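A.B. asks: Counting along the sequence shown from 1, when you hit position 29 you're at 29 in UniProt numbering, and nothing is skipped either side.
My questions will all concern the structure given below.
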Amino acid sequence: MDKKWKEWEDDIATVCILIPCIIVYLMFVFGG
Numbered sequence: 001m002d003k004k005w006k007e008w009e010d011d012i013a014t015v016c017i018l019i020p021c022i023i024v025y026l027m028f029v030f031g032g
């Protein structure tokens with residue numbers, strides 16, 4: 001149970017890091 005939560009936390013942390021990067025990238029591609 002605890003291990004499962006740890007995996008989820010890692011996934012959420014990764015997503016929270018990646019999403020802003022993707023948004024900035026898309027803004028750069030489509031806006032510039």
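Cβ coordinates follow ideal geometry from the N, Cα and C atoms, glycine included.
Being a predicted model, the structure only gives us computed values, none of them experimental.
#1: I need the DSSP call for Gly-31, collapsed to helix, strand or coil.
#2: Determine the direct distance from the alpha carbon of Ile-17 to that of Gly-31, and round the result to whole angstroms.
#3: Rounded to whole angstroms, what's the CA-CA distance from Ile-22 to Asp-2? Just pull it up for me.
C.D. replies: In terms of the structure at hand:
#1: Correct three-state label for Gly-31: helix.
#2: Separation of Gly-31 and Ile-17 (C-alpha to C-alpha, rounded to the nearest whole angstrom) is 21 Å.
#3: Rounded to the nearest angstrom, the two C-alpha atoms are 30 Å apart.
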